[in-house]
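Notes follow the structure.
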Amino acid sequence: MSKYAKSMSGEELGDKLLKSVKEMKAGKAARVTQHASNEVASARLKTGLSQAEFAQVLQISARTLQEWEQGRRSPSGAAKALIQIAFRHPEIIKEGLASQR
Numbered sequence: 001m002s003k004y005a006k007s008m009s010g011e012e013l014g015d016k017l018l019k020s021v022k023e024m025k026a027g028k029a030a031r032v033t034q035h036a037s038n039e040v041a042s043a044r045l046k047t048g049l050s051q052a053e054f055a056q057v058l059q060i061s062a063r064t065l066q067e068w069e070q071g072r073r074s075p076s077g078a079a080k081a082l083i084q085i086a087f088r089h090p091e092i093i094k095e096g097l098a099s100q101r
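So, in structure tokens, the structure goes:
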């Protein structure tokens, strides 16, 4: 046990740990929100589709979609146009998925 932990009561240590966990969770939620502001993620969220479903409609791999949503890669050409359509008219994307099934 560390010197710091020895000087604290069990209750104090528990309170500190709980506070740390809450802070970590708050930080994680902020990162998720930040990614959701990405135009690709926003378009997908507007459709209400999962990553796998959205990727299927766009005829790309789920991994490519994840890369786009996380900002590591960017869609180009026709993919950008499809994402803009998805954002403006999410019902069309849902219809596309239904017709593929």
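Using full-length UniProt numbering, the first residue of the sequence shown is number 1, and each one after it goes up by one.
Beta carbons: idealized from backbone N, C-alpha and C, even for Gly.
Only a predicted model underlies this, so the values are computations on that prediction, with no experimental measurement involved.
Query raised in the report: Can you tell me whether E95 is buried or exposed, with buried defined as 16 or more other CB within 10 angstroms of its CB?
Result: Its Cβ having fewer than 16 others within 10 Å, E95 is exposed.
Report task. With distances taken Cα to Cα, identify the nearest neighbour of N38 among A98, Q84, I93. Result -> Ranked by how close their Cα comes to the Cα of N38, the residues A98, Q84, I93 have Q84 in first place.
Query raised in the report: Can you list, in chain order, the residues of its chain whose CB lies under 8 Å from that of P90, leaving out five sequence neighbours each side?
Result: Around P90: A43, K46, T47, G48.
Query raised in the report: Near S20, which residues of its chain fall below 6 Å by C-beta distance, leaving aside the five closest residues on each side in sequence?
Result: Hits under 6 Å: none found.
Query raised in the report: Do you know offhand how far A52's Cα is from A62's?
Result: Roughly 5 Å between the two C-alpha positions.
Query - Distance, L13 Cα to L97 Cα - result: Whole-angstrom Cα-Cα distance: 51 Å.
Query raised in the report: Excluding sequence positions up to five away, which residues of its chain have a Cβ less than 7 Å from the Cβ of P75?
Result: Hits under 7 Å: V40, W68, I83.
Report task. Go to Q84, then tell me how far its alpha helix (DSSP H) extends in each direction, as first and last residue. Result -> Start and end: 78–88.
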